[in-house]
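Number of protein chains: 2
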Amino acid sequence: MQRVLIVGADAAGMSAAHQMLRTAGGTGRELAVTVIDRGQHTSYSACGIPYWISGEVDSGDDLVARTAEEHRDAGIEMRLGTEAVAADLAARELTLADGEVLEFDELVVATGAEALIPEWALDASGELLPGVGPVKTLNDGAAWLDRFEEAGSGSHVVIVGAGYIGVEVAEAALRRGVGVTVVTRGHGLASLEPALQERVSLAMCDAGAEVVLEAEVTGLDVVDGRVAGVRWTGGEREADLVVLAAGVRPATGFLAGSGVPLGPRGHLRPDPHGRVCEHVWAAGDCCEVRRRLDDSWVFRPLGTHANKHGRALGDSLAGGSLAFGGVTDTSVTRFAACEEYLEIARTGLSLAEANAAGFDPVAVTTEGSTASGYMPDADPISLWVLADRPTRRLLGVQVIGGRGAGKRIDAAAAVLWHGGTVDDLAWMDLAYAPPFATAWDVLQVAARRVAERL
Amino acid sequence: MQRVLIVGADAAGMSAAHQMLRTAGGTGRELAVTVIDRGQHTSYSACGIPYWISGEVDSGDDLVARTAEEHRDAGIEMRLGTEAVAADLAARELTLADGEVLEFDELVVATGAEALIPEWALDASGELLPGVGPVKTLNDGAAWLDRFEEAGSGSHVVIVGAGYIGVEVAEAALRRGVGVTVVTRGHGLASLEPALQERVSLAMCDAGAEVVLEAEVTGLDVVDGRVAGVRWTGGEREADLVVLAAGVRPATGFLAGSGVPLGPRGHLRPDPHGRVCEHVWAAGDCCEVRRRLDDSWVFRPLGTHANKHGRALGDSLAGGSLAFGGVTDTSVTRFAACEEYLEIARTGLSLAEANAAGFDPVAVTTEGSTASGYMPDADPISLWVLADRPTRRLLGVQVIGGRGAGKRIDAAAAVLWHGGTVDDLAWMDLAYAPPFATAWDVLQVAARRVAERL
Chain A
0 MQRVLIVGAD AAGMSAAHQM LRTAGGTGRE LAVTVIDRGQ HTSYSACGIP
50 YWISGEVDSG DDLVARTAEE HRDAGIEMRL GTEAVAADLA ARELTLADGE
100 VLEFDELVVA TGAEALIPEW ALDASGELLP GVGPVKTLND GAAWLDRFEE
150 AGSGSHVVIV GAGYIGVEVA EAALRRGVGV TVVTRGHGLA SLEPALQERV
200 SLAMCDAGAE VVLEAEVTGL DVVDGRVAGV RWTGGEREAD LVVLAAGVRP
250 ATGFLAGSGV PLGPRGHLRP DPHGRVCEHV WAAGDCCEVR RRLDDSWVFR
300 PLGTHANKHG RALGDSLAGG SLAFGGVTDT SVTRFAACEE YLEIARTGLS
350 LAEANAAGFD PVAVTTEGST ASGYMPDADP ISLWVLADRP TRRLLGVQVI
400 GGRGAGKRID AAAAVLWHGG TVDDLAWMDL AYAPPFATAW DVLQVAARRV
450 AERL
Chain B
0 MQRVLIVGAD AAGMSAAHQM LRTAGGTGRE LAVTVIDRGQ HTSYSACGIP
50 YWISGEVDSG DDLVARTAEE HRDAGIEMRL GTEAVAADLA ARELTLADGE
100 VLEFDELVVA TGAEALIPEW ALDASGELLP GVGPVKTLND GAAWLDRFEE
150 AGSGSHVVIV GAGYIGVEVA EAALRRGVGV TVVTRGHGLA SLEPALQERV
200 SLAMCDAGAE VVLEAEVTGL DVVDGRVAGV RWTGGEREAD LVVLAAGVRP
250 ATGFLAGSGV PLGPRGHLRP DPHGRVCEHV WAAGDCCEVR RRLDDSWVFR
300 PLGTHANKHG RALGDSLAGG SLAFGGVTDT SVTRFAACEE YLEIARTGLS
350 LAEANAAGFD PVAVTTEGST ASGYMPDADP ISLWVLADRP TRRLLGVQVI
400 GGRGAGKRID AAAAVLWHGG TVDDLAWMDL AYAPPFATAW DVLQVAARRV
450 AERL
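Just so you know, the sequences run in chain order A and B. Just so it is clear: in the first sequence, position 118 is 117 by numbering that gives the first Met the number 0, and no numbers are missing. Just so it is clear: in the second sequence, position 173 is 172 by numbering that gives the first Met the number 0, and no numbers are missing.
Structure representation (structure tokens):
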């Protein structure tokens, strides 16, 4: 009987746990699977938390895909509220916060990521100031519901960071009638090219938010132990609440000195089967993933990668051969508040990444329509397409637009997955009917325009 | 100066005309381009006609992408209201209905398709009975607006045929408050597998339509020279109007005896550059197209193929090298009336086609959600996925569901374009966020379920 110890009871860890038991049923491996997690929740959708805060989702329970009880019913030992504090690979031991030592034959690290907490967010005793917090766990979500409830609809929140979480929480706050300021170091929404970033910023402003670009938060004004304002390079404003959405880091502190190899920023770098080194496996937000286009390691803490890599890991650990083939850097979100509605998506490399990887990239931005122009539902859509001049290879696509814009990125992601060219994207057989597209889908018009410039 | 004569002023012909002039600007070819068309309209969206009839589109003019005047401004000679009745390839001559003979160096056939008109739809003099007609041209659309207007909202229409046009016209009639009966020889919506067909039929019934399957219309009841009822094998009903939507055929009658090679059903079979034989080119709905999956000729009269093949033809004729790489048999439509909303799409082979092509196909139908289940916009979606057992190659995907279901087919179409496997579809990097997908997109869940059965 192999003792498998999984640290982390969310997407990657629980996908791995279930898949290894399924696969073991076929391969005949005998596995005793124990999962530990410092929290009390399992298999929940962290991506859904902004929609819980906004009121679109009724309850935090709705975000839980499977409870601990359901996992136990599948034959998995679940030890929640249990934090790992140290590991010893040579001894194959994991030490818990209460001093207990667990032995393992195989260790699966699926601890995910934790929010970056700046110094200025903490009080003298190192605790988060009241009214300040990240949006990462179900507990964070519950805390934000309480904070927004208490502050009321006339209050103001400053969101630090304009990544997807920043944009989604801005949407949630605006829907609750709370004033919003977004402050970011960047030029706009982090993962888009300048040609498209501005449209996101404009939509947020049209919805009543204030957007402060290229600014670094320097500190908070604290009155009577509560946040009263936020100061940044070049400005300040009164505020009741502060959302920390400036990034996350892998939760791998307990592996320091363990003998498990960590990447330069504390990430694990498992192979497509989830193997890190002998007896150690990892998947999910504590890992970097392999980007197929430039064969580089990137940190993309997303539930969809965690689910896939976790499943491949579980299968491989139990003797199967499923592999996670890496990413093409695809993502999607939306900004929908106060009459504004934008879908935002990207796949592939940015211009800077393409240059860094040695490509000779050509980019064109194209304006079009999500449906045939004469249809009442037709909305504007902007596409940015990037290709390599000598090989004509498609390198990246970014899109912003109305309903139906976002998931259009999937066809481009499929071309990237296959290493296809911009001509493939331009000429392939995408679905056309007036409610859904123009006769040349706008994705293909955009690809054709790049093709003509190579 | 090469005399190029294009017969047909719609998507294929006008795409070809404009592209050959653009390309000639670079290659230095000198082209005199003349377009003739028996109608008075150019470059219009036939696919948009049902939405004009429904009232979603205000005017037939909205469906015209470019007018004759705009084409003339680009240097193209437009001769409308001019019908070609015969051709002589050896003499390079085209004869018009008025007896005039036009000489050409290159002939481009882009005459499209014409509706099949059954004998029972005609009066003794061979004219369409009042209240009966197809939905193919702008003139047809205008006639239908008049007929629905005259018949009023209490009237009843029988639609003969349950292809995409049949479904779309049913939607239009229901939206106008007209009673609808759809009669088809088939088991349901023509281009879907039985597993999904039933959902379309049920949605149409829930919207108040009557659906009669596996029935052949045998004749009309005519009272005072007008339609009063429709009879079919096994039934009949009173009706004021009859839509002929049981198919189209290539409008190539004028090529009989011309020396231009025609396929078994009167279709042209141009190569990827639009070449049929020396001095003759063709594209659009008068042609069959090459299906990549089984390398077969199929008749798929769709505007998107006409636009693409027309452009490749125009470029090639003028010395360029653009090629139309064939189709993967992708299409999409919707049925949206009386609180019902369904998006319907397919790509690739049917089970019967896969068997006929010598594959060893495995199909699985999967139920899922268009968005994360806890989101208010999440709608049911059903996917049918077909793969080849020995090679694991993806062969086809069909989908039915709520908003966001239809264009999901594009990612599958991209995999088919590249000859990818069901594993590619299952593991590639599709966009995930709760408003748009589940953590494993339902397309990937469906692919995975097939992969597990191979």
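Think of the CB as a built atom: it goes at the ideal place given N, C-alpha and C, for glycine as much as any other residue. All figures in this text were calculated on a predicted structure; none of them were measured in a lab.
- According to the DSSP assignment, Gln39 (chain B) belongs to no alpha helix (DSSP H), since it is labelled neither H nor E.
- Distance from the CA of Ala311 (chain B) to the CA of Ala317 (chain B), rounded to the nearest whole angstrom, comes to 10 Å.
- For Pro193 (chain B), the enclosing alpha helix (DSSP H) covers residues 193-205.
- Within the segment 0-88 of chain B, the complete beta strand (DSSP E) segments of 3 residues or longer fall at 1-6, 30-36, 76-79, 83-87, listed in chain order.
- Shown here, His304 (chain B) sits in a helix according to DSSP, grouped into three states.
- Along the segment 305-330 of chain B, going in chain order, the ones with a CB nearer than 9 Å to a CB of chain A are Ala305, Asn306, Lys307, Arg310, Ala311, Leu321, Ala322, Phe323, Gly324, Gly325, Val326, Thr327, Asp328, Thr329, Ser330.
- The bridge partners DSSP lists for Pro375 (chain B) come to none.
- The secondary-structure analysis by DSSP pairs Phe435 (chain B) with nothing; it has no beta-bridge partner.
- Gly233 (chain A) and Asp220 (chain A) have their alpha carbons spaced roughly 15 Å apart.
- Chain-order list of chain B residues neighbouring Arg333 (chain A): Ala432, Pro434, Phe435, by C-beta distance under 8 Å.
- If you draw a straight line from the Cα of Ala73 (chain B) to the Cα of Gly367 (chain B), it is about 50 Å long.
- Per the coordinates, the alpha-carbon of Ser44 (chain A) lies some 11 Å from the alpha-carbon of Gly372 (chain B).
- In the DSSP annotation of this structure, the continuous segment of the alpha helix (DSSP H) that includes Trp143 (chain A) starts and ends at 137-150.
- The beta-bridge partner set that DSSP reports for Ile399 (chain A) consists of A:Ile343, A:Ser381.
- With contact defined as three or more Cβ pairs closer than 8 Å, the segment 317-329 of chain A and the segment 340-352 of chain A are in contact.
- Contact between the segment 415-426 of chain B and the segment 435-445 of chain A is absent: fewer than three C-beta pairs spanning the two stretches fall below 8 Å.
- In the structure shown, Arg448 (chain B) falls within a helical segment according to DSSP collapsed to helix, strand and coil.
- With contacts defined as CB atoms closer than 7 Å, Gln18 (chain A) and Gly283 (chain A) fail to qualify as a contacting pair.
- Close partners of Pro375 (chain A) in chain B (Cβ separation under 7 Å): Glu55.
- Shown here for Ala336 (chain B): same chain residues with a beta carbon closer than 6 Å to its own, the five before and five after excluded, namely Glu170, Leu173, Arg174, Ala206 in chain order.
- Taking C-beta separations shorter than 7 Å and ignoring five residues to either side along the sequence, the partners of Thr66 (chain B) in its chain run Thr41, following chain order.
- Between Val288 (chain B) and His304 (chain B), the C-beta gap is smaller than 7 Å, which places the two residues in contact.
- Per DSSP, the continuous beta strand (DSSP E) segment holding Arg333 (chain A) begins and ends at 330-336.
- For Val63 (chain B), same chain residues with a beta-carbon under 6 Å away, outside a window of 5 residues either side, are Tyr43 in chain order.
- With its beta carbon less than 7 Å from one in chain A, Ala413 (chain B) belongs to the interface.
- Residue contact with chain A for His417 (chain B): present (Cβ-Cβ distance below 7 Å to some residue of chain A).
- Under DSSP, the beta-bridge partners assigned to Ser295 (chain A) are A:Arg290.
- Excluding the 5 residues flanking it on each side, Ala250 (chain A) has same chain C-beta neighbours closer than 7 Å at Thr110, Gly111, Ala112, Glu113, Cys285, in chain order.
- Legend: CB atoms of the segment 377-407 of chain B lying less than 9 Å from CB atoms of chain A belong to residues Arg402, Gly403, Gly405, Lys406, Arg407.
- Fewer than three Cβ pairs drawn from the segment 254-270 of chain A and the segment 124-131 of chain A lie within less than 8 Å of each other, which leaves the two stretches out of contact.
- For Leu93 (chain A), the secondary structure class from DSSP, reduced to helix, strand or coil, is strand.
- The C-beta distance from Val216 (chain A) to Val182 (chain A) rounds to 6 Å, short enough to meet the 8 Å contact threshold.
- Think of a sphere of 7 Å around the beta carbon of Gly302 (chain A): the chain B residues whose beta carbon falls inside it are Tyr431, Ala438, in chain order.
- Check the Cα spacing between Glu237 (chain A) and each of A:Arg274, A:Arg290, A:Glu209: the tightest is with A:Glu209.
- If you draw a 10 Å sphere on the C-beta of Met77 (chain B), you find 16 or more other C-beta atoms in it, and that means buried.
- Flagged as an interface residue toward chain B: Cys46 (chain A), by a C-beta distance shorter than 7 Å.
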